[in-house]
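Okay, so here's the structure we're looking at.
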Amino acid sequence: KDQVLGRQLHHVIHHSQPDGSPYAAEDCPIQRTARTGEPAHIKYELFFRQDGSSLPVEYRVAPLYRDQVLQGAICTFTDISERARSEAQQSYLFELSDRLQDASDRIELTDVMAERLAELIGAECIAQGHLDGRDNLIIEQQWPQEAGRTGPHPLGGCGSTLRLRLSQGLIVPFEDLLDETGCHDNCGTLHEQLGYRSLLMAPLPEQTSNCAFLLFASRQPRPWNQADSSLVREMAERIRAAADRARARKA
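Under the working numbering, think of the first position of the sequence shown as 471, with each following residue one higher.
Laid out in structure tokens, this is it:
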């Protein structure tokens, strides 16, 4: 409260456009309603918190009168974070399907628009790799590129369980797998080797003679929620369908 008293509200919560450009106060619908009395309904903009993070909102502005004299405006808003996330994910999946129409049976990270996917799922790294014959984890491609991460990375006692889960088409939060198999001591060093604290793995259609996967990584410990898993599952299904089409064209 003390941080905003005496300051123009626009400069506190509404100072930037969704593309990051400055939002002039004279262009602000809230300010315009306060000046003219004309109500407004905005379906998508960003409001900003004190820490600088943004919140996607839909809002309505109505004029505020006292004794028939315009005194300002009142704004009511709805947090549309989940709706915006869902729309962004659907847009990504539609574009992914288009990109994969004529893809080969070997899918590259560029095919899945790794940078955009990472933003949607809240990951800082996406890697593609496989498990070798000894259940070591091998990184073949990575976004962003980092040296010295390829491996092999020994997985110890959880390697065979990971291989089984991926072969069954399951999405695997790696930390849950460590808890289940009791392999934190043996496999926990993978976090240090890769430089990430939370890992999520998704199966890929067999692109090598071994178990292929996509790996999503976060530097900070975090849970992977149902929305994350659902998006990864939808993406993996589109990759599988594209690989099937590619093999059929070759037949």
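No residue lacks a Cβ here, since even glycine has one placed at the ideal position from N, Cα and C.
Cβ separation of residue i and residue j, assumed to be a contact under 8 Å, to the nearest whole Å
{"i": "E704", "j": "L540", "result": "Not a contact, Cβ separation roughly 50 Å."}
{"i": "L566", "j": "M583", "result": "7 Å"}
{"i": "H749", "j": "I500", "result": "The requested residue 749 is not part of the displayed model; the chain covers only 471 to 721."}
{"i": "S630", "j": "E645", "result": "Contact doesn't hold; Cβ gap of about 18 Å is too wide."}
{"i": "R530", "j": "T506", "result": "The Cβ separation is near 15 Å, so there is no contact."}
{"i": "S699", "j": "I641", "result": "5 Å"}
Pairwise C-alpha distance: residue j and residue i
{"i": "R689", "j": "Y666", "result": "4 Å"}
{"i": "S561", "j": "V702", "result": "14 Å"}
{"i": "A510", "j": "G490", "result": "22 Å"}
{"i": "D602", "j": "R555", "result": "36 Å"}
{"i": "E578", "j": "L534", "result": "56 Å"}
{"i": "K720", "j": "D568", "result": "20 Å"}
{"i": "S637", "j": "E707", "result": "14 Å"}
{"i": "T590", "j": "A558", "result": "Reading the sequence as shown, one finds Leu at residue 590 and not Thr. Looking at the two C-alpha atoms, the distance is approximately 8 Å."}
{"i": "R717", "j": "R710", "result": "11 Å"}
{"i": "L664", "j": "T620", "result": "9 Å"}
{"i": "E528", "j": "Q611", "result": "40 Å"}
{"i": "T678", "j": "L632", "result": "Only weak support is given to the placement of T678: the predicted model assigns it a pLDDT of 48, under 50, and the value that follows is read from those uncertain coordinates. So the two alpha carbons sit approximately 17 Å from each other."}
{"i": "Q487", "j": "A713", "result": "40 Å"}
{"i": "L607", "j": "G599", "result": "7 Å"}
{"i": "T548", "j": "P643", "result": "32 Å"}
{"i": "L625", "j": "A588", "result": "25 Å"}
{"i": "R715", "j": "L674", "result": "15 Å"}
{"i": "E496", "j": "L479", "result": "13 Å"}
{"i": "P519", "j": "L525", "result": "Pro is not the amino acid found at residue 519; the sequence shown has Arg there. Distance between the alpha carbons of R519 and L525: 8 Å."}
{"i": "Y514", "j": "E616", "result": "37 Å"}
{"i": "A504", "j": "A543", "result": "5 Å"}
{"i": "A573", "j": "A532", "result": "51 Å"}
{"i": "C653", "j": "L647", "result": "8 Å"}
{"i": "S551", "j": "A697", "result": "13 Å"}
{"i": "N680", "j": "T651", "result": "22 Å"}
{"i": "Y493", "j": "T659", "result": "47 Å"}
{"i": "D581", "j": "I512", "result": "35 Å"}
For residue i, the three-state DSSP class (helix, strand or coil)
{"i": "T651", "result": "helix"}
{"i": "P499", "result": "helix"}
{"i": "D698", "result": "helix"}
{"i": "L529", "result": "Per the sequence presented here, residue 529 reads as Tyr, with Leu not at that position. Residue state, collapsed to three classes: strand."}
{"i": "L669", "result": "strand"}
{"i": "L674", "result": "coil"}
{"i": "I709", "result": "helix"}
{"i": "Q612", "result": "strand"}
{"i": "I512", "result": "strand"}
{"i": "D549", "result": "strand"}
{"i": "Y535", "result": "strand"}
{"i": "S491", "result": "coil"}
{"i": "I544", "result": "strand"}
{"i": "H485", "result": "coil"}
{"i": "I641", "result": "coil"}
{"i": "R715", "result": "helix"}
{"i": "L570", "result": "coil"}
{"i": "R689", "result": "coil"}
Beta-ladder partner(s) of residue i, from DSSP
{"i": "C628", "result": "Partner(s): none; C628 has no beta bridge."}
{"i": "I577", "result": "Paired residues: none, contrary to the question."}
{"i": "Q520", "result": "The partner list for Q520 (beta bridge, DSSP) is empty, contrary to what the question assumes."}
{"i": "Q598", "result": "Q611 and L684"}
{"i": "H623", "result": "L607"}
Three-pair Cβ contact test at 8 Å for the stretch 680-694 versus the stretch 591-605: Here the stretch 680-694 lies against the stretch 591-605, with 3 or more beta-carbon pairs under 8 Å apart.
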